[in-house]
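In the working numbering, the protein residues as written are -16 to 338.
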């Protein structure tokens, strides 16, 4: 479709007017934008499910972690304008980490970083807006939403007169569902794409849903029942770190798997243990690791062939472990790349075998 004034609007608080920008609501049904990783609005899990799980998940489920918009255009610039809110008000993470969107181009199977839409309006503003200039060539773009804030409105501005088309579909359109802790959520990543679910998605060209809940992934019945009802290609079950004790992990890990299996008897499941195994409390971490392995072995013994185990203790190369984390616990960008490589092996096998 041709980008014309008739499909756009001018945000009341925009600061970008040069270059004939046409602002388009990405939820406009007349446009070819595709939005991924959402349940409703720009949240990743329904409010009722989150409220039934825990107070922490009630807030975290409203975040836009893992949400993406994809499209194809030949515009020579792309503007992102979005309303954002941080209900936590955490001072631990920088504004870029909490509020930034990032954008990648995809052309001929090659993915390239175009830049980061940084929050630059100041602390008293409830929106972010910035422009990235790109080569005026027809190609796909993917914009990843912030990891740690709520997003309520999103508009993309393109040059008037350019073309806007549907993106090339994912090779694997049925999403992988990732459930787990702040490490799934993306704490330590410098911007949204650098979480391991997003990197794996790019490696395998698959859609995905990120259900990482920082400090709050405990395999409660409400969230496990919700996950069990989602359509997916593979379920990545990675909440070891948030189980408050080994005893809690032992009580809930196999039980959560059985809730999922009752609803989805053949969907592949990948069990994972925590990646900061060597940082501290190695004896405790080994205990936890063995609990996860026990679920895996028990599943195999019960005849479940659609399971795999990813060993957190082996995710980082031993000689490079000290370079792989943000704070000794959470991965940095390099650590997330290591995790993505580890998960990509069983994910590729399961996805390709279950097309």
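All residues carry an ideal CB built from backbone N, CA and C; glycine is no exception.
Minimum Cα-Cα distance from residue 108 among the listed residues 68, 119, 117 corresponds to 68. Shown here, residue 295 sits in a helix according to DSSP, grouped into three states. Look at the segment 256 to 306 and you find these whole runs of beta strand (DSSP E), each 3 residues long or longer: 290 to 293. In the three-state reduction of the DSSP assignment, residue 204 falls in the helix class, which pools H, G and I. Burial state of residue 50 is buried, judged by a 10 Å Cβ sphere holding 16 or more other Cβ atoms. Pairing residue 7 with residue 139 gives a Cβ-Cβ distance under 9 Å.
The segment 285 to 293 and the segment 262 to 270 do not touch, with fewer than 3 CB-CB distances between them shorter than 8 Å. Cβ-Cβ distances below 7 Å link residue 247 to 211 in the same chain, with the five nearest sequence neighbours on each side left out; the list follows chain order. Annotated three-state conformation of residue 158 is strand, per DSSP. The residues 87, 185, in chain order, have a CB closer than 6 Å to that of residue 94 in the same chain once the five nearest residues on each side in sequence are set aside. Measuring C-alpha to C-alpha distances from residue 205 to each of 273, 231, 243 identifies 243 as the nearest. Each residue's CA atom was taken as its position, placing residue 115 and residue 90 some 17 Å apart. Here residue -11 is exposed, its C-beta having fewer than 16 other C-beta atoms within 10 Å. Your pair residue 195 and residue 48 checks out as a contact, with CB atoms roughly 7 Å apart and the cut at 8 Å. Residue 62 counts as buried, since at least 16 other C-beta atoms from the protein chains shown sit within 10 angstroms of its C-beta. DSSP, read as helix, strand or coil, puts residue 64 in strand. By alpha-carbon distance to residue 332, the top candidate from 289, 315, 307 is 289. Collapsing the DSSP output to three states places residue 215 in coil. DSSP places residue 138 outside any alpha helix (DSSP H); the residue lies instead in the beta strand (DSSP E), whose first and last residues are 133 to 142. For residue 180, the CB contacts under 7 Å within the same chain, skipping 5 residues up- and downstream, are 49, 161, 167, 191, 193 in chain order. Its chain contains 211 as the residues whose beta carbon lies nearer than 8 Å to that of residue 245, once the 5 sequence neighbours on both sides are disregarded; these appear in chain order. When DSSP reads this structure, residue -15 sits in a beta bridge with 146.
Less than 9 Å divides the Cβ of residue 218 from the Cβ of residue 159.
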